[in-house]
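Undergrad: Taken in sequence, the protein lines are chains A and B.
Under the numbering used here, the first residue of the first sequence is numbered 6, with each subsequent residue one higher.
Under the numbering used here, the first residue of the second sequence is numbered 59, with each subsequent residue one higher.
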Amino acid sequence: MTLRTESRFADPDAAYRLLVEAHRKIDPEHGPALDAALVLLLANHIGDPAVLADAIAVAVKVVSPQRQ
Amino acid sequence: MFQFAYRRSPDQDRSSPPRHDVVVVGAGPVGLTLAIDLAQRGRRVLLLDDADRIGEGSRAICFSKRALEVWDRLGVAAPMLAKGVQWQVGKVFLRDEQVYRFDLLAEPGHKMPAFINLQQYYAEAFLVARAGELPGIDLRWKNKVTAVADRGGHVAVTIDTPDGPYELEASHLVACDGARSPIRAMLGAAFIGETFEDQFLIADVKMRAEFPTERWFWFDPPFHTGQSALLHKQPDDVWRIDLQLGRDADPEVERRPERVRPRIERMLGHGDFEFEWISLYRFQCRRMERFVHGRVIFAGDSAHQVSPFGARGANSGVEDAENLAWKLDLTLSGGNAAALLGSYDAERVQAADDNILNSTRATDFIAPHSEYERMLRNVALGLARGHEVGKRMVNAGRLSQPSLYASPLSTPDHDAWDAGPPPGAHLRDVPLGDGFLTDAFRAAGCRFTVLRDGAGPEVPGAAVIDAAASPLFAARYGTRPGDAYLLRPDGYVAGRFRAAAAGAIPAALHRARGAA
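1. Just the C-alpha distance for B:Y577 and B:A237, rounded to the nearest angstrom, thanks.
2. Just verifying my parser: in three-state terms, what is the DSSP assignment at B:F184?
3. Taking B:L53 and B:I94 to be in contact with their CB atoms under 8 Å, please state how far apart those CB atoms are, rounded to whole angstroms.
4. Look at the Cβ atom of A:V68, then the Cβ atom of B:V437, and state whether they are nearer than 8 Å.
5. Would a check of beta-carbon distances place B:I428 closer than 8 Å to chain A?
6. Confirm, please, whether the CB-CB distance from B:A425 to B:A454 is below 8 Å.
7. State yes or no: is the beta carbon of A:V65 nearer than 8 Å to at least one beta carbon in chain B?
8. Go to B:W276, then tell me how far its beta strand (DSSP E) extends in each direction, as first and last residue.
9. Got a sec? Which residues, its chain only, sit under 6 Å from B:P479 by beta carbon, not counting five neighbours each side?
10. For the beta strand (DSSP E) holding B:Y543, just list the boundary residues, first then last.
11. Who are the near neighbours of B:D235 in its chain, counting only those whose CB is closer than 6 Å to its CB and skipping five residues on each side?
12. Considering just the uninterrupted stretch of the beta strand (DSSP E) at A:V63, what are its terminal residues?
13. Going by beta carbon distance, what residues of the same chain come within less than 6 Å of B:N373, once the five residues before and after it are set aside?
14. Identify every residue that forms a DSSP beta bridge with B:N175.
15. Can you tell me which of the three DSSP states A:Q73 falls into?
16. Does B:V437 get closer than 8 Å to chain A when you measure Cβ to Cβ?
17. So, are the CB atoms of B:A542 and B:G491 less than 8 Å apart?
18. Buried or exposed: B:M59, going by 16 or more other Cβ atoms within 10 Å of its Cβ?
19. Using the C-alpha atoms, what's the distance from B:W297 back to B:L289?
20. In chain order, what residues of the same chain lie with their CB nearer than 7 Å to the CB of B:G393, ignoring the 5 residues before and after it?
21. Does the beta-carbon of B:T283 have 16 or more other beta-carbons within 10 angstroms, so that it is buried, or is it exposed?
22. Starting from B:A570 and walking both ways along the beta strand (DSSP E), at which residues does that stretch end?
23. Under the three-state reduction of DSSP, which class applies to B:P489: helix, strand or coil?
24. Is A:D18 close to chain B, meaning its C-beta is less than 8 Å from at least one C-beta of that chain?
25. Spatial neighbours of B:D108 within its chain, please: CB distance less than 6 Å, with the 5 preceding and 5 following residues excluded, ordered by chain position.
26. Give a yes or no on whether 8 Å exceeds the smallest Cβ distance from B:N381 to chain A.
27. Could you name the residues of chain A that B:N453 contacts, counting a contact when the two beta carbons are closer than 7 Å?
28. Take B:R77 as the anchor and find which of B:V364, B:A214 and B:D196 has the nearest alpha-carbon.
29. For B:D422, count neighbouring C-beta atoms within 10 Å of its own C-beta (all shown protein chains included) and say buried if the count is 16 or more, exposed if not.
30. Within 10 angstroms of the Cβ of B:F531, are there 16 or more other Cβ atoms? Answer buried if so, exposed if not.
31. With 7 Å as the limit, tell me which residues of the region 141-175 of chain B have their beta carbon closer than that to any beta carbon of chain A; keep them in chain order.
32. Is B:A287 helix, strand or coil by DSSP?
33. Report the residue from B:A307, B:A525, B:G549 and B:D548 whose alpha carbon sits nearest the alpha carbon of B:G540.
34. Less than 8 Å between CB atoms is the rule here; does A:L46 satisfy it with respect to chain B?
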């Protein structure tokens, strides 16, 4: 796996807060579109389809209803 | 449990209002700490409290290393440590699975533990006993301040007692009168911030239990589905339990013991406990715009209020008191009041903002504001099962740490340092001789102190500690022989100097004293 899942932010709380604040500024119905825009921008920033595929695999496990 | 007596004071029979240097209003942990610190510096302090007993119930329980270091300096840490429960490990659970663990004091060589848990009424009782040993403190119970007026050169204070009202004058009045501060209201000063919608049940229960002395926090536990829970040990077999109840809970119904008991039974798996206290809270994070209003100064909860996740309430109040005591002392000796009290305001507003930021983030994580925030929180928790990225985003409270002050009293680094507390940071303890650096600081008089690695020139107006013999000092402070730190009377770093720059220390001392 090439996806890095160790914590990389010096202050993870601040990074988390940026997402919270971004969503507080927009209408909740546009929330999923905001997240989609963030995904596309950050995926492009990473620029590696293998990393994106790894991230998708982890994310699918996290959101699937069965506990692994 | 702790009852004191009102006594009539000669002040109540004087024909004109007597003048006091310092009047402290509120004999809680903050007011008592301030009064003791000032009295140890040789000041006479009048300490007023509107009650005649120590309030019981679920208030502060976690006291930080920094608060204990302050109280050690004031001669009152020993009974706190003897009675308190020491802890440093916290665990966070999602449902019944541990997702995160922290250890608050991985660094060896500190005199004080990371935290103790101690009921606030015990902490106050020890402080009252210590205050009683100091002839400089005049503690008057059942003395309720009903009016304050800044007359320019002094504050006029009106006080009500069982014998009726009397008046006095104060050169400075410090309001340590709590989150609902009557003095703040008398000044008409704003207290602005955020109120959180979720309600929390706080119960102190008495039981015999074998849980370890760790802070345990659950998200969505099996015994309290969809909410959060906290379990923490106190002395006397008392356990603090916080249960999140959500936004719509009816406080009158939820605080009834017959309603609370089944919830706690589900959590503990048995019913073999008694309630010592039950209360329901909605938390707030807010502060005054400024803490210094001429000759009236605010400290502790009267100046700033936080949610309890992080133990940042009473501990930050004690830090206010230690920050203010030496500055008020120097002001009364003819020091530059504007610079010294202005630096109290600047430094402690920064600390309050730091505490509000951290406790707001934790409270929002525990009780999300919106469907989106709940989803984001639950995804972070889901990621925490197996991925470091999620573990470090799980926020069940970031525990109180002293702030790093950007201070007008500090002299910025001129030399390069790759270790050690920078200007504006607090003293970091190390073993020294038969004791610790914090002991040496106390023995030197808790005043401006040059902390050296080896011998060096005298600095007029400052004590000296040579810490070269400490096995940890040079590494922890990043020093080489001849280097020196300048410490303030509260133990914070005013500046630090490589051996070749030692000539700059007197100017740094001048600046730290608030001189122009």
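Positions of the beta carbon are idealized from the N, C-alpha and C atoms, including for glycine.
TA: According to the data block:
1. Only positions 59 to 574 of chain B appear in this structure, which leaves residue 577 of chain B out of reach.
2. By one-based count along the second sequence, residue 184 of chain B stands at place 126. In the structure shown, B:F184 sits in a helix (DSSP, three-state: H, G or I).
3. Absent from the structure is residue 53 of chain B, since the part of chain B shown begins at 59 and ends at 574.
4. Position 63 of the first sequence, counting from 1, holds the residue named residue 68 of chain A. Position 379 of the second sequence, counting from 1, holds the residue named residue 437 of chain B. Yes, the Cβ-Cβ distance between A:V68 and B:V437 is below 8 Å.
5. Indexing the second sequence from 1 puts residue 428 of chain B at position 370. The sequence given here places Ser at residue 428 of chain B; Ile does not occur at that position. Chain A has a Cβ within less than 8 Å of the Cβ of B:S428.
6. Position 396 of the second sequence, counting from 1, holds the residue named residue 454 of chain B. Position 367 of the second sequence, counting from 1, holds the residue named residue 425 of chain B. Contact: no.
7. By one-based count along the first sequence, residue 65 of chain A stands at place 60. With respect to chain B, the C-beta atom of A:V65 has no partner C-beta closer than 8 Å.
8. Counting from 1 along the second sequence, the entry for residue 276 of chain B is found at position 218. From DSSP, the beta strand (DSSP E) with B:W276 extends over R273 to F277.
9. Against the second sequence, residue 479 of chain B aligns to sequence position 421. Excluding positions up to five away in sequence, the list reads R486 and V551.
10. As a working mapping, residue 543 of chain B is identified with position 485 in the second sequence. Where B:Y543 is concerned, the enclosing beta strand (DSSP E) stretches over A542 to L545.
11. Within the second sequence, residue 235 of chain B is the residue found at index 177, counting from 1. Take B:D235, set aside five residues on each side of it, and the residues of its chain with a beta-carbon closer than 6 Å to its own are V83, G84, I241 and S360, in chain order.
12. Position 58 of the first sequence, counted from the first residue, corresponds to residue 63 of chain A. Membership of A:V63 in any beta strand (DSSP E) is not indicated; the residue belongs instead to the alpha helix (DSSP H) covering P54 to V68.
13. As a working mapping, residue 373 of chain B is identified with position 315 in the second sequence. The answer, listed in chain order, is S122, A125 and S458.
14. To locate residue 175 of chain B, count along the second sequence from 1; it is residue 117. B:N175 is bridged to B:C120 and B:V143.
15. Along the first sequence, read from residue 1 onward, the residue named residue 73 of chain A stands at position 68. In this predicted model, A:Q73 has a pLDDT of only 42, less than 50, meaning its place in the structure is not dependable; the value taken from the coordinates is given anyway. Here A:Q73 sits in coil by DSSP.
16. Taking the second sequence and counting its residues from 1, the one referred to as residue 437 of chain B is at position 379. Yes, because at least one Cβ of chain A sits closer than 8 Å to the Cβ of B:V437.
17. On the second sequence, residue 542 of chain B is found 484 positions in, with the first residue counted as 1. On the second sequence, residue 491 of chain B is found 433 positions in, with the first residue counted as 1. In terms of Cβ geometry, B:A542 and B:G491 do not form a close pair [threshold 8 Å].
18. Within the second sequence, the letter at position 1 stands for residue 59 of chain B. That one is exposed.
19. On the second sequence, position 231 is the one that residue 289 of chain B refers to. On the second sequence, position 239 is the one that residue 297 of chain B refers to. Between B:L289 and B:W297, the C-alpha separation is close to 7 Å.
20. Looking up residue 393 of chain B in the second sequence gives position 335. Closer than 7 Å at the Cβ level, and outside the excluded window around B:G393, lie R571 and G572.
21. The residue you call residue 283 of chain B lines up with position 225 of the second sequence. By the 10 Å Cβ count, B:T283 comes out exposed.
22. Your numbering for residue 570 of chain B matches position 512 in the second sequence. Looking at the DSSP string, B:A570 is not in any beta strand (DSSP E); the run it does join, the alpha helix (DSSP H), is I563 to A570.
23. Working through the second sequence from its first residue, we reach residue 489 of chain B at position 431. It is a strand residue.
24. Position 13 of the first sequence, counted from the start, is the residue given in the question as residue 18 of chain A. Interface residue, yes.
25. Looking up residue 108 of chain B in the second sequence gives position 50. K202.
26. In the second sequence, the residue the question calls residue 381 of chain B occupies position 323. With 8 Å as the cut-off, B:N381 does not count as an interface residue toward chain A.
27. The count along the second sequence starts at 1 and reaches residue 453 of chain B at position 395. Under the 7 Å cutoff, chain A gives D18.
28. Walking along the second sequence from the start, residue 77 of chain B turns up at place 19. Comparing Cα positions, the closest option is B:A214.
29. For this step, residue 422 of chain B is matched to residue 364 along the second sequence. Result: buried.
30. In the second sequence, the residue the question calls residue 531 of chain B occupies position 473. Buried is the label assigned to B:F531, since at least 16 other Cβ atoms lie within 10 Å of its Cβ.
31. Contact annotation: in the region 141-175 of chain B, no residue has its CB less than 7 Å from a CB in chain A.
32. Here residue 287 of chain B refers to the residue found at position 229 when the second sequence is read from its first residue. Strand.
33. Indexing the second sequence from 1 puts residue 540 of chain B at position 482. Considering only alpha carbons, the answer is B:A525.
34. Your numbering for residue 46 of chain A matches position 41 in the first sequence. With a threshold of 8 Å between beta carbons, A:L46 makes no contact with chain B.
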